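Q:
Number of protein chains: 2
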Amino acid sequence: LISWIENASAALPMIMKELAPDTGRAHVIGLTGPPGVGKSTTATSLVRALRARDERVGVLAVDPSSPFSGGALLGDRVRMQEHALDRDVYIRSMATRGHLGGLAVATPQALRAFDAAGFDTVVIETVGVGQSEIEVAETADTVLLLLAPGMGDGIQAAKAGILEIGDIFVVNKSDREGAQALVRELRTMIALGDRDAEDWKPPIVSTVAYDNRGIEDLLASIDRFRAFQVASGRAQIRRIARARGEVESIALAKLRAEFRISGDASLNDLAKAVSRGEIDPYAAAEKVVAGL
Amino acid sequence: LISWIENASAALPMIMKELAPDTGRAHVIGLTGPPGVGKSTTATSLVRALRARDERVGVLAVDPSSPFSGGALLGDRVRMQEHALDRDVYIRSMATRGHLGGLAVATPQALRAFDAAGFDTVVIETVGVGQSEIEVAETADTVLLLLAPGMGDGIQAAKAGILEIGDIFVVNKSDREGAQALVRELRTMIALGDRDAEDWKPPIVSTVAYDNRGIEDLLASIDRFRAFQVASGRAQIRRIARARGEVESIALAKLRAEFRISGDASLNDLAKAVSRGEIDPYAAAEKVVAGL
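Each protein sequence line maps, in turn, to chains F and P. Every position in the first sequence, counted from 1, becomes a number in the working numbering once 2 is added. Every position in the second sequence, counted from 1, becomes a number in the working numbering once 2 is added.
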């Protein structure tokens with residue numbers, strides 16, 4: 003199913019129709035943060051802890067594909083080989099580059115496949131830098147934002163624009179120098195955040211994922227957040243927002259495909275005229291929309 | 003103008019119409035790479051070198067905005083204060099989060115503003131991780147991909163999916179340990195790349211941007227690439243692709259705005275039904291498109 007999703011198979015509408023009644027149960031945990039903070043290692047530890055509770059766990063690693071690597075990288079799988087023989091764990095890297103509608107269409111569909119296949123929890127790992135990736139991460143039921151000491155100064159972390167989407171902050175590699183300072187910095191940032199009294203206040207959990215330290219704390223925080231979300235009705239609100247984003251992205255991808263099919267020649271001509279300054283891009287877009 | 007662009011002002015179509023005849027001259031250099039490789043420092047050095055040639059230079063730093071930081075960060079401006087009093091240098095950070103159509107709409111418009119204002123060269127700095135950011139970077143006339151030793155292993159860099167978009171590779175912080183190894187690794191990757199004999203073969207330039215080392219080499223590589231692109235007709239092809247992407251993004255943003263205005267209630271109802279598994283997202287998208 004996920005291969006079909008990656009390749010934007012024409013069969014997807016039919017497949018998604020069949021899957022729809024079996025969806026809506028899985029808890030989706032978004033795991034995001036800058037490259038190198040230990041997302042894959044943390045995912046592995048989380049899988050281990052969730053397996054100890056006898057949950058069926060899926061992991062979806064969303065990477066921009068690269069012709070150099072042929073898409074998903076072996077490295078991720080190697081790191082997770084501990085779970086390779088466990089039938090109740092499914093780990094998958096997904097390349098979405100070139101997918102019509104990109105991450106916005108492909109990721110929720112893949113989650114839907116995991117969900118319908120009966121996984122209790124799906125961990126979705128995305129690089130937490132980049133507009134689309136951040137948007138994908140924030141559609142998860144629970145967003146873990148990973149940081150690590152020594153990954154560049156605080157300004158660099160803030161620059162990534164990801165601090166505001168974390169439901170739970172994880173300071174991984176917390177045995178390294180600078181971990182305390184990073185926790186303090188995060189605490190200050192959270193305190194300064196624009197948050198109402200009844201809002202969830204993101205906890206900061208310190209972990210050493212490769213050594214499995216702090217993972218139980220992390221799981222406890224995830225449980226607390228989940229309970230808070232369900233009790234406050236926000237879990238449902240986020241789900242609806244996710245579905246809405248998904249529907250909107252598919253609708254836009256359909257429309258974009260229509261530009262390409264029916265209007266390709268005129269779109270190219272318009273693009274040429276825009277590149278020469280003969281027409282402005284708004285007037286050109288107006289013509290494209292009128293032509294639909 | 004750029005503030006209006008950030009805020010998606012209703013006046014933009016009119017403004018862009020006025021600007022159109024004055025666009026198409028500026029050379030756009032995309033400067034991209036993972037956080038912490040020294041993009042801002044390199045931009046500063048490039049500005050210095052281009053100023054020495056008496057060019058008017060614009061710098062556009064595209065950052066996902068953050069409520070914590072109030073959008074663009076002071077840090078970038080501080081780093082570039084060297085050029086603060088130079089009337090022929092304009093440096094601007096742009097926040098695009100929340101902008102309808104996001105980076106895909108806002109960035110080309112901002113470049114258009116720089117272009118019409120008569121800047122010879124515009125350096126656009128984006129975090130080179132993330133689907134949208136990579137797409138923005140690759141629309142530049144010339145794409146510099148910055149890497150630095152010690153920023154995580156090769157796998158992490160490849161994961162970012164950015165290696166294939168570099169016209170010129172820059173190994174910054176090349177006085178650090180591991181620089182030689184990184185150059186070798188890149189050379190191997192470039193050799194393995196799927197490239198025809200008449201294609202441009204990306205050179206690797208070693209720099210120490212904070213110390214201004216290697217910047218003349220970099221500028222020479224930029225000049226060579228530019229000459230190659232113009233002579234081969236590829237400069238024009240890329241420009242048209244950029245215009246095409248811009249028109250398409252504006253058209254899609256218009257259509258998305260129409261969903262929101264005319265179909266908001268029905269879109270919300272459909273999203274609820276999808277979140278409950280009562281309807282699949284394709285069927286829902288079909289209804290949205292049919293409702294337009």
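Glycine residues also receive a C-beta, built at the ideal position from the N, C-alpha and C atoms. None of the values given here were measured: they were computed from a predicted structure.
1. Using a Cβ-Cβ cut-off of 7 Å (strictly less than) and excluding sequence neighbours within five positions of F/Asp24, which residues of its own chain qualify?
2. What first and last residue would you give for the beta strand (DSSP E) that runs through P/Ser176?
3. Keeping to the same chain, check which residues put their C-beta closer than 8 Å to that of F/Gly247; ignore five residues upstream and five downstream.
4. Have a look at F/Ala199 and F/Leu184 and give me their C-alpha separation to the nearest angstrom.
5. From P/Lys161 to F/Glu179, what does the alpha carbon distance come to, in whole angstroms?
6. Using DSSP with H/G/I as helix, E/B as strand and the rest coil, what is F/Ala275?
7. P/Arg89 to P/Ala237, Cα distance in whole Å?
8. In whole angstroms, give me the CA-to-CA distance for P/Leu21 and F/Gly279.
9. Who are the Cβ neighbours of F/Val39 in its own chain at under 7 Å, not counting the five residues just before and after it?
10. Would a C-beta distance cut-off of 8 Å place F/Ala193 and P/Ser277 closer than the cut-off?
11. Just to confirm, is the Cβ distance from P/Thr144 to P/Phe227 under 8 Å?
12. Could you name the residues of the stretch 108-138 of chain P whose beta carbon sits closer than 7 Å to any beta carbon of chain F, in the order they occur along the chain?
13. Measure the beta-carbon distance from P/Glu166 to P/Asp122 and round it to whole angstroms, keeping in mind my assumption that it falls under 8 Å.
14. Please list, in chain order, all residues of the same chain as P/Leu272 whose beta carbon is under 8 Å from its beta carbon, the five residues on each side excluded.
15. Counting only beta-carbon separations shorter than 8 Å, does P/Phe171 have a partner in chain F?
16. What do you get for F/Gln231, buried or exposed, if any count of 16 or more other CB atoms within 10 angstroms of its CB means buried?
17. Using a Cβ cut-off of 8 Å, which residues of the stretch 22-36 of chain F contact any Cβ in chain P, in chain order?
18. Classify P/Ile242: buried if its beta carbon has 16 or more other beta carbons within 10 angstroms, exposed otherwise.
19. Please report whether the beta-carbon of P/Val145 lies at a distance below 8 Å from any beta-carbon of chain F.
20. Bridge partners of F/Val129, per DSSP?
21. Can you tell me whether P/Lys41 is buried or exposed, with buried defined as 16 or more other CB within 10 angstroms of its CB?
22. In or out: P/Phe70 buried (at least 16 other Cβ within 10 Å) or exposed?
23. Please return the same chain residues whose Cβ sits closer than 7 Å to the Cβ of P/Met191, not counting the five positions on each side in sequence.
24. Say whether chain P places a C-beta atom closer than 8 Å to the C-beta of F/Pro15.
25. Could you pull out every unbroken beta strand (DSSP E) segment of at least 3 residues lying fully inside the stretch 196-231 of chain F, listed in chain order?
26. May I ask you to list, following chain order, the residues of the stretch 268-293 of chain F that have a beta carbon less than 9 Å from some beta carbon of chain P?
27. Take F/Pro283 and list the residues in its own chain whose beta-carbon comes closer than 6 Å to its own, dropping the five residues that flank it on each side.
28. In angstroms, rounded to a whole number, what distance separates the CA positions of P/Ile170 and F/Glu135?
29. Compare the C-beta of F/Trp18 against all C-beta atoms of chain P and say whether one is closer than 8 Å.
30. Check the Cβ of F/Gly104 against every Cβ in chain P and list those closer than 7 Å, keeping chain order.
31. Report yes if the CB atom of P/Ala229 is closer than 8 Å to the CB atom of P/Phe116, and no otherwise.
32. Report the neighbours of F/Val232 on chain P: residues whose CB is nearer than 8 Å to its CB, in chain order.
33. Is the distance from the Cβ of P/Ile217 to the Cβ of P/Leu48 below 8 Å?
A: From the atom records:
1. Here the set comprises Ala118.
2. Counting along the chain, no beta strand (DSSP E) covers P/Ser176, and no H or E run does either.
3. Only Ala106, Pro110, Glu137 and Thr141 meet the Cβ criterion.
4. So the alpha carbons of these two residues sit roughly 24 Å apart.
5. Residue placement at P/Lys161 is flagged as unreliable, the pLDDT there being 48, under the threshold of 50; the coordinate-derived value follows with that caveat. Whole-angstrom Cα-Cα distance: 26 Å.
6. Taken through DSSP and simplified to helix, strand or coil, F/Ala275 comes out as helix.
7. Cα to Cα, the separation comes out at about 29 Å.
8. C-alpha separation (whole angstroms): 8 Å.
9. These residues qualify, in order along the chain: Leu148, Leu149, Ala150, Met153 and Asn174.
10. No; because the gap between Cβ atoms is not below 8 Å, this pair is not in contact.
11. Yes, they are a contact pair.
12. With the criterion set as a beta carbon lying under 7 Å from some beta carbon of chain F, the members of the stretch 108-138 of chain P are Val129, Val131, Gly132, Gln133, Ser134, Glu135 and Ile136, in sequence order.
13. Their Cβ separation, rounded to whole angstroms, is 28 Å, which puts P/Glu166 and P/Asp122 out of contact at 8 Å.
14. The residues are Ile281, Ala286, Lys289 and Val290.
15. Not closer than 8 Å to any Cβ of chain F, the Cβ of P/Phe171 fails to qualify, so no.
16. F/Gln231 should be labelled buried.
17. The residues in question are Ala22, Pro23, Asp24, Thr25, Gly26 and Pro36.
18. Classification of P/Ile242: buried, given that the 10 Å Cβ count is 16 or more.
19. The beta-carbon of P/Val145 is placed no less than 8 Å from the nearest beta-carbon of chain F.
20. The partner list for F/Val129 (beta bridge, DSSP) reads F/Gly35.
21. The residue is buried, with at least 16 neighbouring Cβ atoms inside 10 Å.
22. Unreliable placement is indicated for P/Phe70, whose pLDDT of 34 sits below 50; the coordinate value is still reported in the next sentence. Counting every other CB atom within 10 Å of its CB across the protein chains shown gives P/Phe70 a total of 16 or more, marking it as buried.
23. Within the same chain, P/Met191 has close Cβ partners Leu165.
24. Yes, F/Pro15 lies at the interface with chain P (some Cβ there is under 8 Å from its Cβ).
25. Qualifying beta strand (DSSP E) stretches, in chain order: 206-208.
26. Answer set for the stretch 268-293 of chain F: Leu269, Asn270, Leu272, Ala273, Lys274, Ala275, Val276, Ser277, Arg278, Gly279, Glu280, Ile281, Asp282, Pro283, Tyr284, Ala285, Ala286, Ala287, Glu288, Lys289, Val290 and Val291.
27. Taken in chain order, the residues that qualify are Val276.
28. One C-alpha to the other measures close to 25 Å.
29. For clarity, residue 18 of chain F is Met in the given sequence; the question names Trp instead. Closer than 8 Å to the CB of F/Met18 there is at least one CB belonging to chain P.
30. Here the neighbours are Gln133.
31. Not closer than 8 Å, so no.
32. Under the 8 Å cutoff, chain P gives no residues; its nearest Cβ is about 14 Å from F/Val232.
33. Yes, the pair counts as a contact, with Cβ atoms nearer than the cut-off.
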